[in-house]
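Peer 1: Could you have a look at this structure, given as C-alpha cells, before my questions?
Numbering (this note's numbering), first residue to last: 35 to 288.
As C-alpha cells, this is what we get:
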C-alpha cells in the first residue's frame, strides 16, 4: 500500500508536464464565469428569476450545462491527457519494466484521474459560490448574501454527479490505454457524448453510459429513479476489470 501511494504521487507529479491541472482549473471555472457574466449583464432579468431562492436557482443554472456536456467532456479530455503522458514520451516499456505490478501501474494512474475529477467538482462548487457572491457585490439587487447556501443539496448533487460519471471514466481509460494518440479516444468519446444528447428520449437510454450525467440531473435528481445509476456501477466495474485483464494479457504495451 505504501508503494502504491508513492507511485500515485509520482503519477500526480507527471501530470505537471501536461495540461491536466490547467484543464481541471479552467473546466471548473468556465460555467461559473459564463453564469457570472450573464448575471451582471442582465440583472433586470436574473434578479427577479433568482429572487425567491437565489442559491438553488443559481446552482440549477450552473449545473444544467455541466451535467449535459461539460462534465463528461472534461472527463474525456483529462483521461486522455493523463494516459498519453507515457505514449508521448515513449515510456510505457520503462514503466512496465520497473519493479511495479500491473495492478500498481494500472490503478495508480486511474486513481490520479479520479482525484482530478474530484478536484474539479470541488472547484466547480467553489467557483459557483465565489461568482454568486461577486455578482451580488457588483449588482446589489441579488440576494446571495441574504440566502443560506444549501450545503446539503450541493453535496448530494455533487455526489450523484460523480457517481454518474464513473462508467465514462472506465470506458475512456480503456480507450486511452488502447489507442496511442490523444485525438482518437477524445474523438470517440465526443461522438458518444453527442450521440447521448441526440437519443436522450430513447426508452432504453438507461443502458447508455454517456447519458448518465444528463439523466441524473434532468430526470432523476429528485424523483428516486436510479435505474441508470445501477447500470453505471455495472459498466464501471465490468469495463474496468476488462481493461485491466486486457492490459495484463496484451503482448505489446506502449
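Ideal Cβ positions, reconstructed from N, Cα and C, are used throughout, including at glycine.
Bear in mind the structure is a predicted one, so any value in this text is a computation, not a measurement.
1. Tell me the rounded alpha-carbon separation between residue 37 and residue 48.
2. For residue 178, which three-state DSSP category applies?
3. To the nearest angstrom, report how far apart residue 182 and residue 89 are at their CA atoms.
4. Decide yes or no for the touch test of the stretch 264 to 276 against the stretch 199 to 211: beta carbon pairs closer than 8 Å, at least 3 of them.
5. Classify residue 92: buried if its beta carbon has 16 or more other beta carbons within 10 angstroms, exposed otherwise.
6. Tell me whether residue 250 is buried or exposed, calling it buried when 16 or more other Cβ atoms sit within 10 Å of its Cβ.
7. Are the Cβ atoms of residue 220 and residue 69 separated by less than 8 Å?
8. Taking residue 65 and residue 100 to be in contact with their CB atoms under 8 Å, please state how far apart those CB atoms are, rounded to whole angstroms.
9. Would a C-beta distance cut-off of 8 Å place residue 106 and residue 202 closer than the cut-off?
10. Would you tell me roughly how many angstroms separate the C-alpha atoms of residue 185 and residue 117, rounded to the nearest one?
11. Would you mind sorting residue 111 into buried or exposed? The rule is 16 or more other CB atoms within 10 Å of its CB.
12. Check residue 214 in the structure and name its three-state DSSP category.
13. Taking the alpha helix (DSSP H) that residue 151 falls in, what are its first and last residues?
14. Are three or more beta carbon pairs between the stretch 234 to 242 and the stretch 165 to 173 nearer than 8 Å?
15. Go to residue 99, then tell me how far its alpha helix (DSSP H) extends in each direction, as first and last residue.
16. Of the residues 134, 63, 103 and 170, which one's Cα is nearest the Cα of residue 75?
17. Check each candidate in 218, 199 and 96 and name the one with the smallest Cα separation from residue 242.
18. Alpha carbon to alpha carbon, how far is residue 103 from residue 227?
19. Residue range of the alpha helix (DSSP H) that residue 77 falls in?
20. Compute the Euclidean distance between the alpha carbons of residue 82 and residue 282, then round it to the nearest angstrom.
21. If we call anything under 8 Å between Cβ atoms a contact, is residue 267 one with residue 240?
22. For residue 223, is the classification buried or exposed, using 16 other Cβ atoms within 10 angstroms of its Cβ as the cut-off for buried?
Peer 2: Straight from the coordinates:
1. Spanning the two alpha carbons is a distance of roughly 16 Å.
2. The answer is coil: DSSP assigns residue 178 none of H, G, I, E or B.
3. Each residue's alpha carbon lies about 8 Å from the other.
4. Yes, since at least three Cβ pairs between the stretch 264 to 276 and the stretch 199 to 211 fall closer than 8 Å, the two stretches touch.
5. With 16 or more Cβ atoms within 10 Å of its Cβ, residue 92 is classed as buried.
6. Residue 250 is buried by the Cβ-count criterion.
7. Not a contact, by the Cβ cut-off of 8 Å.
8. That pair is a contact at about 5 Å.
9. Yes.
10. Between the C-alpha atoms of residue 185 and residue 117 there is a straight-line separation of about 34 Å.
11. Per the 10 Å Cβ criterion, buried.
12. Three-state result, residue 214: coil.
13. From DSSP, the alpha helix (DSSP H) with residue 151 extends over 136 to 172.
14. As far as the Cβ criterion goes, the stretch 234 to 242 does not touch the stretch 165 to 173, which means the pair count is below three.
15. First-last of the alpha helix (DSSP H) with residue 99: 88 to 99.
16. That would be 170, whose Cα lies nearest to the Cα of residue 75.
17. Of the listed residues, the one whose Cα sits closest to residue 242 is 199.
18. Their Cα atoms are separated by approximately 8 Å.
19. Segment 77 to 83, the alpha helix (DSSP H) holding residue 77.
20. So the two alpha carbons sit approximately 58 Å from each other.
21. No, the Cβ-Cβ distance between residue 267 and residue 240 is not below 8 Å.
22. Buried.
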